[in-house]
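Novice: One structure, as structure tokens, below. Some questions next.
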Amino acid sequence: MVPMYLESKRLTLSRRATMFRAIRDFFIERNVLEVDTPILSSTAPISPFIEVCTVDTYGLGMGYLHTSPEHALKMLLQQGSGDIYQLGHVFRAGESGKNHKIEFTMLEWYRLGFTLKQMMQETVALASLFINCTETIYLSFEDAFYKYVGLDYEQASLQELQDIHLSLEDIASPLEKTDIIDRLFDLLVAPNIPKNAFVILYDFPEYSSGLAKVISTKSGKKVAQRFELLIQGLEIANGYDELTSPEEHLKRFHEGNAIRKSQNKPPLPIDFAFIESLKKGLPPCCGVAVGFDRLMMLKENVTNIDDVLPITMLYNNQA
Numbered sequence: 000m001v002p003m004y005l006e007s008k009r010l011t012l013s014r015r016a017t018m019f020r021a022i023r024d025f026f027i028e029r030n031v032l033e034v035d036t037p038i039l040s041s042t043a044p045i046s047p048f049i050e051v052c053t054v055d056t057y058g059l060g061m062g063y064l065h066t067s068p069e070h071a072l073k074m075l076l077q078q079g080s081g082d083i084y085q086l087g088h089v090f091r092a093g094e095s096g097k098n099h100k101i102e103f104t105m106l107e108w109y110r111l112g113f114t115l116k117q118m119m120q121e122t123v124a125l126a127s128l129f130i131n132c133t134e135t136i137y138l139s140f141e142d143a144f145y146k147y148v149g150l151d152y153e154q155a156s157l158q159e160l161q162d163i164h165l166s167l168e169d170i171a172s173p174l175e176k177t178d179i180i181d182r183l184f185d186l187l188v189a190p191n192i193p194k195n196a197f198v199i200l201y202d203f204p205e206y207s208s209g210l211a212k213v214i215s216t217k218s219g220k221k222v223a224q225r226f227e228l229l230i231q232g233l234e235i236a237n238g239y240d241e242l243t244s245p246e247e248h249l250k251r252f253h254e255g256n257a258i259r260k261s262q263n264k265p266p267l268p269i270d271f272a273f274i275e276s277l278k279k280g281l282p283p284c285c286g287v288a289v290g291f292d293r294l295m296m297l298k299e300n301v302t303n304i305d306d307v308l309p310i311t312m313l314y315n316n317q318a
């Protein structure tokens with residue numbers, strides 16, 4: 000007789016495999032090509048908010064495990080790959096908690112000529128393979144913040160935001176306005192959005208644009224052309240109307256490193272091969288990344304990422 004804990008692990012493996020197969024069938028039906036790019040690079044995507052895992056390459060310089068296959072996938076798009084996706088492991092240093100791991104499985108795909116709305120709809124279609132929700136709700140970041148926090152995030156003073164934040168958390172050191180906005184989002188918005196719906200949040204603040212395009216709204220706000228899919232308050236997907244300008248990419252990389260320096264974090268090497276590829280012309284496209292393990296957590300109705308992993312990792316970083 001197979002011990003219960005071993006049978007449970009076997010079922011986890013089987014269910015992961017079934018989800019992998021469903022995802023691959025989803026993209027085969029849509030003529031989206033699966034690709035396999037390196038996880039080790041001499042550079043890394045530059046973000047003030049994401050830390051990379053470094054690797055000693057023994058005489059070949061410092062290496063980095065990718066936090067996302069974004070650069071490599073976009074280089075393939077530039078070279079004429081057509082619509083592509085990758086399903087594999089990514090790494091983010093210091094990630095800890097019931098919803099986070101240093102190493103996790105990400106699904107990332109790119110669609111040429113898609114509008115951001117089409118990308119939202121396809122993301123919901125993929126999530127619907129595994130999660131049943133009664134409806135899809137589209138909500139701008141501005142409207143969501145006002146509804147659940149009670150302030151216009153851009154017009155509100157730093158003091159107004161601080162007063163609300165301090166009523167919820169006792170924070171000794173002062174935070175920047177953007178940090179407080181993000182924290183209030185985590186404390187008041189995400190937990191209160193409808194739980195029985197796919198919730199698409201869009202038009203994020205400019206400061207959170209990453210490598211998404213930025214536009215001006217009718218009200219004059221500059222917003223990032225990106226969206227998040229939240230299910231039961233948990234972020235499952237992050238999508239962009241992708242920035243194509245090599246000059247703007249380089250500018251944002253430098254800005255990201257400047258912020259890192261201000262936070263006493265080491266700057267990261269710029270991926271100039273990626274910049275050179277962009278100069279040859281990245282076709283208009285949208286991209287989205289999905290946290291596979293989080294999606295499986297929702298499907299399996301569990302609250303800890305360890306419950307859906309084949310093996311609890313050596314770096315068992317539960318908080």
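Under numbering that gives the first Met the number 0, the first residue of the sequence shown is numbered 0, with each subsequent residue one higher.
Backbone N, C-alpha and C fix where the C-beta goes; we use that ideal spot for every residue, glycine too.
Bear in mind the structure is a predicted one, so any value in this text is a computation, not a measurement.
Do Tyr239 and Arg251 count as a contact pair if the criterion is CB distance below 8 angstroms?
Specialist: No, these two residues do not count as a Cβ contact at 8 angstroms.
Novice: Across which residues does DSSP place Ser139 in a beta bridge pair?
Specialist: Its beta-bridge partners are Tyr201.
Novice: Which same chain residues, not among the five before or five after Tyr152, have their C-beta less than 6 angstroms away from its C-beta?
Specialist: Closer than 6 angstroms at the Cβ level, and outside the excluded window around Tyr152, lie Phe144 and Ile180.
Novice: Could you tell me the distance, in whole angstroms, from the CA atom of Trp108 to the CA atom of Thr66?
Specialist: Spanning the two alpha carbons is a distance of roughly 15 angstroms.
Novice: Quick one, are the C-beta atoms of Gly93 and Glu50 less than 8 angstroms apart?
Specialist: Yes, Cβ-Cβ distance for Gly93 and Glu50 is below 8 angstroms.
Novice: Under 8 angstroms, with one C-beta from each stretch per pair, do the segment 263-282 and the segment 39-58 reach the 3-pair mark?
Specialist: Contact between the segment 263-282 and the segment 39-58 is present, because at least three Cβ pairs lie under 8 angstroms.
Novice: Assuming Tyr137 and Ile230 make a contact with CB atoms under 8 angstroms, what is their CB distance in whole Å?
Specialist: The Cβ separation is near 14 angstroms, so there is no contact.
Novice: Taking all protein chains shown into account, decide if Phe103 is buried (16 or more other Cβ within 10 angstroms of its Cβ) or exposed.
Specialist: It counts as buried.
Novice: Please name the residue or residues paired with Leu86 in a DSSP beta bridge.
Specialist: In DSSP, Leu86 forms a bridge with Leu106.
Novice: Here's the rule I'm using: 16 or more other beta-carbon atoms within 10 Å means buried, otherwise exposed. How should Asn195 be labelled?
Specialist: Result: exposed.
Novice: When the Cα of Ile333 is compared with those of Gly209, Glu205, Leu233 and Ala155, which residue comes out closest?
Specialist: Only positions 0 to 318 of the chain appear in this structure, which leaves residue 333 out of reach.
Novice: Would you tell me roughly how many angstroms separate the C-alpha atoms of Leu114 and Tyr57, rounded to the nearest one?
Specialist: With the sequence shown as reference, residue 114 is identified as Thr, and Leu is not the correct amino acid for it. If you take the alpha carbons of Thr114 and Tyr57, they lie about 44 angstroms apart.
Novice: Is the Cβ-Cβ distance between Ile235 and Ala126 less than 8 angstroms?
Specialist: A contact, by the Cβ cut-off of 8 angstroms.
Novice: Which same chain residues, not among the five before or five after Gly112, have their C-beta less than 8 angstroms away from its C-beta?
Specialist: Hits under 8 angstroms: Pro282, Pro283 and Cys284.
Novice: Roughly how many angstroms lie between the CA atoms of Ser166 and Leu174, to the nearest whole one?
Specialist: Each residue's alpha carbon lies about 14 angstroms from the other.
Novice: Tell me, please, which residues DSSP counts as bridged to Phe144.
Specialist: According to DSSP, Phe144 bridges with nothing at all.
Novice: Considering Thr122, what are the terminal residues of the alpha helix (DSSP H) in which it resides?
Specialist: Taken as a continuous stretch (DSSP letters only), the alpha helix (DSSP H) holding Thr122 covers Leu115 to Ala126.
Novice: Nearest CA to the CA of Ser244: which residue from Ile258, Ile304, Val222 and Phe273?
Specialist: Closest by alpha carbon: Phe273.
Novice: Please confirm whether Leu242 and Lys212 have their CB atoms less than 8 angstroms apart.
Specialist: Closer than 8 angstroms, so yes.
Novice: Where does Asp292 land, buried or exposed, given buried means 16+ other C-beta within 10 angstroms?
Specialist: Buried is the call here.
Novice: What residues are listed by DSSP as bridge partners for Ala211?
Specialist: For Ala211, which the question treats as bridged, DSSP gives the partners Glu241.
Novice: Can the beta-carbon of Leu183 be found less than 8 angstroms from the beta-carbon of Leu210?
Specialist: Their beta carbons are not under 8 angstroms apart, which means Leu183 does not touch Leu210 by this criterion.
Novice: Could you check what DSSP says for Asp162 in three-state terms: helix, strand or coil?
Specialist: Correct three-state label for Asp162: helix.
Novice: Tell me whether His327 is buried or exposed, calling it buried when 16 or more other Cβ atoms sit within 10 Å of its Cβ.
Specialist: Given a span of 0 to 318 for the chain in the structure shown, any question on residue 327 remains unanswerable.
Novice: Check the DSSP bridge columns for Asp55 and list the partner residues they point to.
Specialist: Answer is Met61.
Novice: Could you tell me how far apart the beta carbons of Pro309 and Arg20 are, in whole angstroms, since I believe they sit closer than 8 angstroms?
Specialist: With 8 angstroms as the limit, Pro309 and Arg20 do not qualify as a contact, their Cβ atoms being about 16 angstroms apart.
Novice: When DSSP builds the beta bridges, which residues end up paired with Cys132?
Specialist: Cys132 is not bridged to any residue.
Novice: Near Gly290, what residues of its chain come up, given a Cβ to Cβ distance below 7 angstroms and the 5 sequence neighbours on each side ignored?
Specialist: Contacts found: Phe103, Met105 and Ile235.
Novice: Ignore the nearest five residues each way along the sequence and tell me which others in Asn237's own chain have a CB closer than 6 angstroms to its CB.
Specialist: Around Asn237: Glu227 and Ala288.
Novice: Name, in chain order, the residues that DSSP records as bridge partners for Glu234.
Specialist: Its beta-bridge partners are Leu229.
Novice: Short of 7 angstroms in beta carbon distance, which residues of its chain neighbour Ala318, apart from the five on each side in sequence? Order them along the chain.
Specialist: Any reading at Ala318 must be qualified, since the residue scores a pLDDT of 39, below 50, and its modelled position is unreliable; no value is offered.
Novice: From the DSSP output, in three-state form, read off Val307 for me.
Specialist: Residue state, collapsed to three classes: helix.
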